[in-house]
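Peer 1:
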Amino acid sequence: MHKYTIINSFGSELFTGNPVAVFFYCDDLDDYHMQKLAAEINLSETTFIRSPIKGGDFNIKIFTPVNELGFAGHPLLGTALALAKETGLFQINIETQRGIYRFSIDLVKEKPYTAYVQMEQPNPIISSYKYHQKLLEALGVEKSTLPIDMYNVGPRHVFVGVENIDILEKINPDLKKLSQFNDMAALCFCLTDTDSLRLRMFSPAYGVAEDAATGSAAGPLALHLCRYGLSEFGKRIEIIQGVEIERPSYMNAVAKKINEEFFLEAGGYAYQIAVGQYFI
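If you count the sequence shown from 1, position 239 lands on 239 in the UniProt record's numbering, and the numbers rise without skipping.
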């Protein structure tokens, strides 16, 4: 029998944010059973908490319904809240396939199942995306406002800028064509009049037609803006995602540059929405 909880990440009100199922005490589960559980639950990601093996506090395995991920933002943010509620720890070093990352959890006194969580994120591998024209065609977008680059943080994020919210909201990608772009997510963004950004993520290759909150892309998006002069290193940006699928989610992120090395952070609220048990 395994206890689990469901956390909505990057939201603080009912039916906002992106849900993740978090299973506790999973040292006895192998990859086969974890993948089967993730497929049965059928959320965009499910995480499994295990004993540390690399010097962190906990080792976390992350599965989509179809594959394992080395790092992912909203699943780890939600897992950090689940761990804080379970253990009473509020500074947690989480092991992933990409490395060990520090999470800070601050519970909201008025809402005992809600917390603000801040996370470190991987330093991405950055490359120009050579299939940018085919990607624009699949998205139904005429052009990008910035160069189209890929940021590999475990998941591979490709950023396409559009001129305004009206264009962003009307994007209706050809999911069949988009599914041919293996092992990547297409993220379309625009600046707003309020100094925040709006974001949409499409990734049928990862089993997600459209994502409500792509936390692992928040830090890379902040870096992307800094690299092309639309933001400054050390400035925190606000990102709103999921509006078009009626799951509004709110993230913030900052990119820092120290001695030619990039350091990324992302954060947002999360809240516990359900608990249960699996008889396995």
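The C-beta atom is built at its ideal place from N, Cα and C for all residues, glycine as well. Just so we're clear, the structure is a prediction, and the values are computed from it rather than from any experiment.
1. With the cut-off set at 8 Å, would you say ILE7 and LEU76 are in Cβ contact?
2. With distances taken Cα to Cα, identify the nearest neighbour of GLY207 among PHE181, LYS170, GLU232.
3. Comparing C-alpha positions only, which one of ILE239, GLU137, PHE262, ALA209 sits nearest to PHE233?
4. Where does CYS188 sit, in a helix, a strand or coil, going by DSSP?
5. Between the alpha carbons of ILE171 and PHE10, how many angstroms are there, rounded?
6. Please confirm whether TYR116 and ASP106 have their CB atoms less than 8 Å apart.
7. What does the alpha-carbon distance come out to for the pair ALA84 and PHE58?
8. I need the boundaries of the beta strand (DSSP E) containing ALA82, first residue and last residue.
9. Tell me whether THR64 is buried or exposed, calling it buried when 16 or more other Cβ atoms sit within 10 Å of its Cβ.
10. Report the start-end ranges of each alpha helix (DSSP H) in the segment 131 to 169 that is 4 residues or longer and not cut off at the edges.
11. Check whether the segment 43 to 59 and the segment 91 to 105 are in contact - that is, three or more C-beta pairs closer than 8 Å.
12. Span of the alpha helix (DSSP H) holding GLU40?
13. Just how far apart, CA to CA, sit LEU230 and LYS143?
14. Would you check if there are 3 or more beta carbon pairs closer than 8 Å linking the segment 189 to 202 to the segment 238 to 258?
Peer 2: Taking the coordinates as given:
1. The residue given as residue 7 occupies position 7 in the sequence shown. The residue given as residue 76 occupies position 76 in the sequence shown. Taking 8 Å as the Cβ cut-off, ILE7 and LEU76 do not qualify as a contacting pair.
2. As a first step, residue 207 must be located in the sequence shown, where it is residue number 207. That would be PHE181, whose Cα lies nearest to the Cα of GLY207.
3. Residue 233 sits at position 233 when you count from the first residue of the sequence shown. Of the listed residues, the one whose Cα sits closest to PHE233 is PHE262.
4. Within the sequence shown, the letter at position 188 stands for residue 188. Correct three-state label for CYS188: strand.
5. In the sequence shown, the residue the question calls residue 171 occupies position 171. In the sequence shown, the residue the question calls residue 10 occupies position 10. One C-alpha to the other measures close to 23 Å.
6. For the purposes of this step, residue 116 is identified with residue 116 of the sequence shown, where counting begins at 1. For the purposes of this step, residue 106 is identified with residue 106 of the sequence shown, where counting begins at 1. Yes; because the gap between Cβ atoms is below 8 Å, this pair is in contact.
7. Sequence index remark: in the sequence shown, residue 84 carries index 84 (1-based). Sequence index remark: in the sequence shown, residue 58 carries index 58 (1-based). A straight-line Cα-Cα distance of about 12 Å links ALA84 and PHE58.
8. In the sequence shown, residue 82 corresponds to position 82, counting from 1. In the DSSP assignment, ALA82 falls outside any beta strand (DSSP E) and within the unbroken alpha helix (DSSP H) covering 73 to 87.
9. In the sequence shown, counting from the first residue as 1, residue 64 sits at position 64. Answer is buried; the Cβ neighbour count reaches 16.
10. 132 to 139
11. Short answer: they touch.
12. In the sequence shown, residue 40 corresponds to position 40, counting from 1. Taken as a continuous stretch (DSSP letters only), the alpha helix (DSSP H) holding GLU40 covers 31 to 41.
13. Residue mapping note: residue 230 aligns to position 230 of the sequence shown, counting from 1. Residue mapping note: residue 143 aligns to position 143 of the sequence shown, counting from 1. Rounded to the nearest angstrom, the two C-alpha atoms are 18 Å apart.
14. In short, these stretches touch, since the Cβ pair count reaches three.
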